[in-house]
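In the working numbering, the protein residues as written are 3 to 415. We put the beta carbon where it would ideally sit given N, CA and C, even for glycine. Structure record follows, encoded as structure tokens.
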């Protein structure tokens with residue numbers, strides 16, 4: 003089989019001609035939210051997520067001009083039936099429109115209201131342009147004495163009107179095949195009672211989570227991600243390059259038996275203007291609702307259930323048209339001290355506990371004098387479970403005393 007120089011990262015397309023490769027990427031993938039392009043010239047391993055960066059790279063390093071399709075002479079382009087993708091039906095146009103709006107939201111973090119306005123303005127612009135080109139075609143046909151009645155029956159609808167609201171867009175996303183979209187699910191965290199005009203009303207407090215298994219499946223279906231999973235990057239020497247080189251993962255039975263098992267890192271933080279959301283959201287809710295309604299278990303229920311499946315028998319997924327058994331485990335939960343204590347059901351503020359470290363039994367007054375772990379009596383899972391059992395059985399006053407002594411609020415489910 004002939005080896006191709008230019009291989010698309012997002013579909014099976016491949017070619018030896020840079021002109022075809024450039025045309026394919028701009029036409030079908032330029033607005034893809036998961037856009038990625040690799041060089042492929044010679045043995046160059048350059049990869050980027052920006053098309054303009056790729057064009058500059060091939061021009062500077064390989065002396066190749068990246069010509070956009072609009073600049074190309076169509077007569078010089080040969081049709082490749084094996085690698086071409088049809089773009090002559092309504093589904094193709096709807097798919098491209100979906101990629102356009104999804105890219106605005108996921109790649110450029112544009113708000114829903116802004117996308118509504120962009121789609122509306124773009125629709126008006128396209129309507130005017132299409133009408134103008136239609137009139138030009140009619141004029142050219144009339145100059146050649148050709149009947150123009152059939153032109154009125156040609157459908158020139160750009161179909162952007164189907165994307166004018168977020169509700170319509172999400173409806174189309176779910177219907178379009180091969181779109182990296184997983185709809186967030188709503189979960190009720192609790193009920194808040196309000197009094198308005200002496201009338202007590204109930205208001206549901208809700209949060210949203212993204213189904214973890216579906217989201218993981220979408221992520222692993224990307225060729226570059228799956229290739230990374232299939233080829234683990236464990237250290238070959240005594241140096242530590244990543245968390246997978248540490249003893250915790252090396253000694254874990256799951257990662258010993260399955261070198262390709264997924265290492266999941268769960269970050270938790272309050273959302274502010276200065277720290278916008280990342281690309282792979284698990285769940286989101288108002289902090290006050292999660293705390294007051296005790297909703298952390300509810301909003302993380304899907305994630306916890308998914309991790310239990312992954313860490314035991316694994317989950318069957320279709321990845322690149324192949325059935326794969328995917329296993330994994332939660333290996334790290336990076337967060338600040340307050341968030342870590344809250345998740346573990348310890349005293350959130352270190353000033354409210356006599357033993358304020360969640361890892362050892364050292365008193366807060368002595369902890370400044372101890373720098374190494376072997377100088378402290380470390381907490382153990384067994385001892386922690388016994389303390390939680392004790393707190394569940396004693397009276398309220400006794401519980402308050404020992405809760406402050408041990409720095410434990412309640413058992414983590």
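Which class does residue 362 belong to by DSSP, given the choice of helix, strand or coil? strand
Count Cβ pairs between the segment 329-343 and the segment 351-365 that sit closer than 8 Å; are there 3 or more? yes
Around the Cβ of residue 387, are there at least 16 other Cβ atoms within 10 angstroms (buried) or fewer (exposed)? exposed
Report the rounded CA-to-CA distance for residue 396 versus residue 358, giving the unit in angstroms. 22 Å
Between the CA atoms of residue 42 and residue 17 - distance to the nearest angstrom: 10 Å
Give a yes or no on whether the C-beta atoms belonging to residue 181 and residue 158 are separated by under 8 Å. no
Decide if residue 27 is buried, meaning its Cβ has at least 16 other Cβ atoms within 10 Å, or exposed. Taking all protein chains shown into account, residue 27 has 16 or more neighbouring C-beta atoms within 10 Å of its C-beta and is therefore buried.
DSSP on residue 161, reduced to helix/strand/coil? coil
Extent of the continuous beta strand (DSSP E) to which residue 292 belongs: Unbroken run through residue 292 is the alpha helix (DSSP H), 289-294; no beta strand (DSSP E).
When 229, 335, 371, 251 are compared against residue 269, the one with the closest alpha-carbon: 335
Which residues in the same chain as residue 139 place their Cβ atom closer than 7 Å to its Cβ, once the five residues preceding and following it in sequence are excluded? Correct list, in chain order: 153.
Let me check understanding here. Comparing Cα to Cα, which of 163, 117, 156 lies closest to residue 135? Of the candidates 163, 117, 156, 156 places its Cα closest to the Cα of residue 135.
List the residues that DSSP assigns as beta-bridge partners of residue 9. 16
Just how far apart, CA to CA, sit residue 38 and residue 11? 6 Å
Which one or two residues does DSSP pair with residue 267 in a beta bridge? According to DSSP, residue pairing for residue 267 in a beta bridge involves 334.
For residue 90, count the other beta carbons within 10 Å of its own beta carbon; 16 or more makes it buried, fewer makes it exposed. Which is it? Bear in mind that the predicted position of residue 90 carries a pLDDT of just 47, short of 50, making it unreliable; the figure below should be weighed with that in mind. Exposed, because fewer than 16 other Cβ atoms sit within 10 Å of the Cβ of residue 90.
With distances taken Cα to Cα, identify the nearest neighbour of residue 108 among 185, 55, 46. 185
Of the residues 64, 36, 34, 32, which one's Cα is nearest the Cα of residue 47? 64
Residues near residue 117 by beta carbon distance below 7 Å, same chain, minus five either side: 103, 106, 107
By the DSSP assignment, the alpha helix (DSSP H) with residue 399 in it spans what residues? 398-408
What does the alpha-carbon distance come out to for the pair residue 367 and residue 356? 8 Å
Looking only at C-alpha atoms, which of 327, 188, 219 sits nearest to residue 207? 188
Contact defined as beta carbons within less than 8 Å: I believe residue 360 pairs with residue 409. What is the distance between those atoms, to the nearest angstrom? 7 Å
Beta-carbon spacing of residue 331, residue 253 below 8 Å: no
Round the Cβ separation of residue 214 and residue 284 to the nearest angstrom and send it over; I've been treating them as touching at under 8 Å. Distance from residue 214 to residue 284 at the Cβ level is roughly 6 Å; contact confirmed, criterion being Cβ atoms closer than 8 Å.
Let's test the definition: count the other Cβ atoms within 10 Å of the Cβ of residue 198 and tell me whether it reaches 16, buried, or not, exposed. exposed
Quick one: residues in its chain with C-beta nearer than 6 Å to the C-beta of residue 412, no 5 flanking neighbours on either side, listed in chain order? 347
Can we say the segment 318-329 touches the segment 218-230, given the rule of at least three CB pairs closer than 8 Å? yes
Runs of 4 residues minimum, wholly inside the segment 88-161: which ones carry the alpha helix (DSSP H) assignment? 92-108, 114-145
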